[in-house]
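In UniProt numbering, the protein residues as written are 1 to 696.
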Amino acid sequence: MCSFFTTLHLLTVVIIDVFCLYYDMCLAMSLLQVLLVFAKEDSQSNGFCWACEKANFRCSMARTPESALECFLEKHHDLVIIDHRHSRHFDAEALCRSIRAVNSSENTVIVAVVKRYVISFFLFRYVENANMMACYNELLQLEHGEVRAQFKLRAGNAIFTALEQSQEAIEITSEDQVIQYVNPAYESIMGYQQGELIGKEIIEVPKSEKNKPDLLETINSCIRKGKEWQGIYYAKKKNGDSIQQNVKITPVIGQGGSQRRHSSMARIHSMTIEAPITKVINIINAAQESSPMPVAEALDRVLEILRTTELYSPQLGTKDEDPHTNDLVGGLMTDGLRRLSGNEYIFSTKQPHHLPSHLTTPLSLNDIPPRIAQTMENEDSWDFDIFNLEAATLKRPLTYLGLKIFSRFGVCEFLNCPEATLRSWLQVIEANYHSSNSYHNSTHAADVLHATAYFLCKERVKQSLDPIDEVAALIAATVHDVDHPGRTNSFLCNAGSELAILYNDTAVLESHHAALAFQITTRDDKCNIFKNIERNEYRTLRQAIIDMVLATEMTKHFEHVNKFVNSINKPLAALEENGNRILVKRMLIKCADISNPCRPQELCIEWAGRISEEYFAQTDEEKRQGLPVVMPVFDRNTCSIPKSQISFIDYFITDMFDAWDAFADLPNLMQHLDNNFKYWKGLDERKLHSLRPPPE
Ligand code: AMP
Ligand code: ZN
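Structure representation (structure tokens):
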């Protein structure tokens, strides 16, 4: 029997296609094998174990170079990840050389886990980051990049060996029917030498007269439609003899839909301005053209996902998820059920507060009462007690802490504004926070300002940001929840509140905080801290403040965290780009905003009590007004506060702070987070629902 591969594409495409088919076959037969070499279990090794499991890779763990080598000789892993952070455990470079000395290791990808920015002899390096999603992203990048390339090389070699050894005659042509390859069996059956055929058009090779006159046209039209042709064909040998053959001609084309894709691609290409996502979609479309069916279908699914707007939000299963997580996600990550009821929620402060006369008493850093100054002495420490300041200032901590922190960062000098203007501004902003809210009051704003200032002092953060970013971050933190009504976005949307109507049910509160902050500030020269800065500088500052306040919106939580994680995995040089500065600033304010689970235990408990009380009050009101209950678990009669905190930490906090710690280096916060998580777990194991255990 004699077989031909006739192709509608260039030879290179044929080869890639054939390889891809083989590659997919390989994948179907065996899962990716990963060897982790870590002397000790730690969060980094756990991160990779978890990532392997999530990616469905086979994972082996070795603790010593000897056992690593033994394991490698047995399994010939596709990917080896070696801990290269601590030279005291073992010599990672020596281990790499030993693995490379094994014959079959040439297609193995070896990656070293390194400390930040160390110079290392390894070609592939992963900068220490225990965040599970970062490990998972890294594995996927490797799988689709270097590991896949190695697979293809191996598969390519195998296919050529198979072609050379085949008993069947095989011929490969290009799309325009120029012969590209014939195998040895073809040479011996047909009597030609490779060199006589390669580069010739099929039409130039003599044909047998025994075939029916229209046979060639039938075959060609079949192939042009992308279909395989099989039948009896008389081939003419070099010596003139005709031999009857059962021939199979297989066109190797991208896939059935290539025509349709061409036309839509042409339309997209004709657009002069391409958004980045359009470029990505175009690249995938082009890759589909030359991919075999399974890959093309997988890419179709990728395209489907890319065309949605919710790229960064995990799709939470609804079946057996924990109800606390479900409620928090439903309550914080959506803009309500969009079932607007007739109940109007009357917003409590229709007219923004002007500067109350009792607050206009002269106040400057120099005349802060000593008792208050004393409580602020350690304001640069993470363990600073904001509730002491709240008590000492009779619930006006924002003004005092603001004066001290803004002065420490030289904000007045930067803005060229008198301290009196800053003082008035702080007072009027604080007056627009609702002291009646148990959580979203000016103490929360002061707490977020404190965390922001703390983060801004971290070396890596300082390196990444400019002075204008620092000023923007401090102002954004101060105003980020101004005039918060103590109800969630979902509530406002469900209640058809004026604000929800004004902002089209989209980022309602955050839009309001940002807009109101600028209204209050610019309405009156006395408190306009921006009055003396130049127009362009004002525009830049304003844009940065708005961006940060909007970033506190929880519907975008995973988008901001994932974008940040993706960007910090890039080299330092890339971090200095403007785009990355924006991601750092967003992450900074987000982490400051929900840093209460990372505060010392007593403070963390107090915050948990306050947020729970605010949620309970919302549920009470929803019931009273017959509105949908957005977070049913936050019912004061039944709620387990420990469970709600465990869910909040698990779902929103852990990954975010892992990433932020990997960037900014915050061991004390991570220690508190760990302690607090254990504290809530401890209460939950005792089936307690309260903030604290009952007295002995
Ligand atoms: P913001 O309204 O800007 O303070 O955004 C932070 C969101 O996280 C708010 O919706 C809070 O209700 C929520 N949040 C903050 N801390 C906690 C906590 N300890 N437990 C549950 N939710 C919290
Ligand atoms: Zn907040």
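Every residue gets a Cβ at the ideal spot worked out from N, C-alpha and C, and that includes glycine.
Bear in mind that the values here come from a model prediction, so they are computed numbers and not experimental data.
C-alpha gap between residue i and residue j, whole angstroms
{"i": "residue 472", "j": "residue 479", "result": "11 Å"}
{"i": "residue 701", "j": "residue 204", "result": "Beyond the ends of the chain as shown, which are 1 and 696, falls residue 701; an answer cannot be given."}
{"i": "residue 399", "j": "residue 543", "result": "24 Å"}
{"i": "residue 23", "j": "residue 41", "result": "Confidence at residue 23 is low in this model, with a pLDDT of 39, below 50, so the placement of that residue should be treated as unreliable; the coordinate-derived value is given next. Cα to Cα, residue 23 sits roughly 34 Å from residue 41."}
{"i": "residue 640", "j": "residue 108", "result": "50 Å"}
{"i": "residue 464", "j": "residue 559", "result": "20 Å"}
{"i": "residue 172", "j": "residue 251", "result": "10 Å"}
{"i": "residue 565", "j": "residue 127", "result": "12 Å"}
{"i": "residue 521", "j": "residue 511", "result": "16 Å"}
{"i": "residue 50", "j": "residue 190", "result": "57 Å"}
{"i": "residue 468", "j": "residue 438", "result": "33 Å"}
{"i": "residue 584", "j": "residue 299", "result": "31 Å"}
{"i": "residue 122", "j": "residue 83", "result": "12 Å"}
{"i": "residue 681", "j": "residue 628", "result": "30 Å"}
{"i": "residue 59", "j": "residue 276", "result": "35 Å"}
{"i": "residue 102", "j": "residue 69", "result": "9 Å"}
{"i": "residue 448", "j": "residue 302", "result": "38 Å"}
{"i": "residue 575", "j": "residue 567", "result": "A caution first: residue 575 carries a pLDDT of 49, below 50, which makes its placement in the model too unreliable to give a value."}
{"i": "residue 234", "j": "residue 208", "result": "6 Å"}
{"i": "residue 130", "j": "residue 43", "result": "6 Å"}
{"i": "residue 659", "j": "residue 53", "result": "20 Å"}
{"i": "residue 694", "j": "residue 687", "result": "12 Å"}
{"i": "residue 213", "j": "residue 219", "result": "12 Å"}
{"i": "residue 249", "j": "residue 278", "result": "37 Å"}
{"i": "residue 246", "j": "residue 151", "result": "33 Å"}
{"i": "residue 285", "j": "residue 422", "result": "55 Å"}
{"i": "residue 722", "j": "residue 507", "result": "Lying before the first or after the last residue shown, residue 722 is absent from the chain, which here runs from 1 to 696."}
{"i": "residue 124", "j": "residue 114", "result": "10 Å"}
{"i": "residue 484", "j": "residue 366", "result": "31 Å"}
{"i": "residue 374", "j": "residue 326", "result": "43 Å"}
{"i": "residue 569", "j": "residue 604", "result": "31 Å"}
{"i": "residue 257", "j": "residue 230", "result": "Unreliable positioning characterises residue 257 in this predicted model, as indicated by a pLDDT of 36, which lies under 50. The coordinate reading is nonetheless provided below. Between residue 257 and residue 230, the C-alpha separation is close to 23 Å."}
{"i": "residue 656", "j": "residue 550", "result": "17 Å"}
{"i": "residue 555", "j": "residue 597", "result": "20 Å"}
{"i": "residue 65", "j": "residue 470", "result": "47 Å"}
{"i": "residue 232", "j": "residue 95", "result": "58 Å"}
{"i": "residue 668", "j": "residue 383", "result": "9 Å"}
{"i": "residue 415", "j": "residue 153", "result": "60 Å"}
{"i": "residue 679", "j": "residue 420", "result": "44 Å"}
{"i": "residue 228", "j": "residue 216", "result": "14 Å"}
{"i": "residue 526", "j": "residue 377", "result": "29 Å"}
{"i": "residue 610", "j": "residue 602", "result": "13 Å"}
Nearest candidate by alpha-carbon position, reference residue i, set the options
{"i": "residue 401", "options": "445, 673 and 526", "result": "445"}
{"i": "residue 79", "options": "33, 60, 68 and 52", "result": "33"}
{"i": "residue 436", "options": "487, 657 and 404", "result": "487"}
{"i": "residue 513", "options": "327, 540 and 430", "result": "430"}
{"i": "residue 665", "options": "649, 425, 461 and 609", "result": "461"}
{"i": "residue 476", "options": "490, 377, 451 and 534", "result": "451"}
{"i": "residue 304", "options": "656, 281 and 516", "result": "281"}
{"i": "residue 31", "options": "484, 534, 55 and 224", "result": "55"}
{"i": "residue 490", "options": "483, 501 and 323", "result": "501"}
{"i": "residue 677", "options": "47, 652 and 663", "result": "652"}
{"i": "residue 166", "options": "185, 581, 178 and 176", "result": "185"}
In chain order, each alpha helix (DSSP H) run of at least 4 residues that lies wholly inside the region 433 to 488: Scanning the region 433 to 488 from its first residue to its last, the whole alpha helix (DSSP H) runs of 4-plus residues come out as 442 to 456, 459 to 464 and 467 to 479.
Do the region 285 to 297 and the region 583 to 593 touch if we need at least three Cβ pairs shorter than 8 Å? Cβ pair count under 8 Å is below three, so no.
Across the region 146 to 163 and the region 62 to 73, are there enough close Cβ pairs to call them in contact, namely three or more that are closer than 8 Å? With a cut-off of 8 Å, the region 62 to 73 and the region 146 to 163 do not count as touching, because too few Cβ pairs lie within range.
Of all residues in the structure, which have a C-beta closer than 6 Å to any heavy atom of the ligand ZN, taken in chain order? Each of 444, 448, 480, 481, 552 and 593 has a C-beta closer than 6 Å to some heavy atom of the ligand ZN; these make up the full list, in chain order.
Are at least three pairs of beta-carbons, each pair with one atom in the region 611 to 622 and one in the region 630 to 638, less than 8 Å apart? Result yes; three or more Cβ-Cβ pairs closer than 8 Å.
Validate contact between the region 95 to 108 and the region 643 to 657 using beta carbons, cut 8 Å, 3 pairs: Result no; under three Cβ-Cβ pairs closer than 8 Å.
Considering only residues of the region 578 to 631, which uninterrupted alpha helix (DSSP H) runs meet the minimum length of 4 residues and lie entirely inside it, listed in chain order? Taking only runs of at least 4 residues, the alpha helix (DSSP H) segments lying wholly in the region 578 to 631 are 578 to 593 and 601 to 625.
Decide yes or no for the touch test of the region 88 to 102 against the region 124 to 139: beta carbon pairs closer than 8 Å, at least 3 of them. Counting Cβ pairs under 8 Å, fewer than three are found: no touch.
With a cut-off of 8 Å, do at least 3 Cβ pairs link the region 442 to 457 to the region 490 to 507? No, the region 442 to 457 does not touch the region 490 to 507.
Taking 8 Å as the threshold, find out whether the region 384 to 394 comes into contact with the region 402 to 421 through three or more Cβ pairs. Per the Cβ contact rule, the region 384 to 394 is not in contact with the region 402 to 421 (fewer than 3 Cβ pairs under 8 Å).
Within the region 53 to 81, note down every full alpha helix (DSSP H) run reaching 4 residues or more, in order along the chain. If we require 4 residues or more, the alpha helix (DSSP H) runs fully inside the region 53 to 81 come out as 65 to 75.
Please specify which runs of the beta strand (DSSP E), each continuous and at least 3 residues long, are wholly inside the region 501 to 586, giving them in chain order. Entirely contained in the region 501 to 586, not one beta strand (DSSP E) run reaches 3 residues.
Extract the residue ranges of the beta strand (DSSP E) inside the region 217 to 246, only unbroken runs of 3 or more that lie entirely within it. Along the region 217 to 246, the beta strand (DSSP E) occurs as fully enclosed runs of 3 or more residues at 229 to 236, listed in sequence order.
Give the list of continuous alpha helix (DSSP H) stretches no shorter than 4 residues that lie fully inside the region 621 to 693. Listed in chain order, they are 641 to 648, 654 to 664 and 667 to 685.
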